[in-house]
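The sequence shown lines up with residues 21 to 167 when you count with our numbering.
We put the CB at the ideal spot given by N, CA and C, even for glycine.
Below is one structure, written out as structure tokens, with a few remarks after it.
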Amino acid sequence: MIISEATKSHISELCNIENGVFGIDDFRLNRKNFSYHINKKHIFIACVKNKIAGYILFFVHKKSFRIYSIAVLDDFRRMGIAKELISYVCGMAKYEKKEYISLEVREDNLKAISLYSSLGFSTCKIIKSYYTDNTNALKMKFKLKLD
21 MIISEATKSH ISELCNIENG VFGIDDFRLN RKNFSYHINK KHIFIACVKN KIAGYILFFV
81 HKKSFRIYSI AVLDDFRRMG IAKELISYVC GMAKYEKKEY ISLEVREDNL KAISLYSSLG
141 FSTCKIIKSY YTDNTNALKM KFKLKLD
């Protein structure tokens, strides 16, 4: 697996991943969104055998990184891709001397919650009716150990 910064040449594949992984009510990103975030250099892709298997999008704040979206195609699940993408972003955040990384996840997405917990994220808040279908979100944080 190779992790690299997304470029504009990846937008079509990123849209295909987005539409294949997320439902219409899941704040799906479109071409314009991807283009904007690629310009900000906040999207990284994971390639397996020259195919984009998944991506991670994050925002940079004064004291933290916030993972906004992570998606892995069904054919590439259970290969550790999401874990590697998150670890990659954690390394970037640590290099940038950020204090923590945060994310929001649907409270009914038990697989994602399990993954995030296994990586050291812990729930710090429940956000009521966060999603358009009124499902709550868990806000999770990972405190970085700065040297």
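message = With H, G and I counted as helix, E and B as strand and the rest as coil, what does DSSP make of E38?
response = helix
query = For Y136, which of helix, strand or coil comes out of DSSP?
reply = helix
query = Nearest-angstrom Cα distance between Y16 and C67?
reply = The shown model of the chain, from 21 to 167, leaves out residue 16, and the question about it has no answer.
request  = Would you kindly work out how many angstroms separate the C-alpha atoms of K131 and F54, rounded to a whole number?
outcome  = 25 Å
message = Restricting to Cα atoms, I'd like to know which of M21, S24, I72, K60 is closest to S32.
response = I72
query = Could one say the Cβ of D128 lies closer than 9 Å to chain D's Cβ atoms, at least one of them?
reply = Absence of chain D from the displayed structure is noted, only one protein chain being present.
message = Using 9 Å as the threshold, is the C-beta distance between F141 and V109 below it?
response = no
request  = Output the boundary residues of the beta strand (DSSP E) element that contains E25.
outcome  = 22-25
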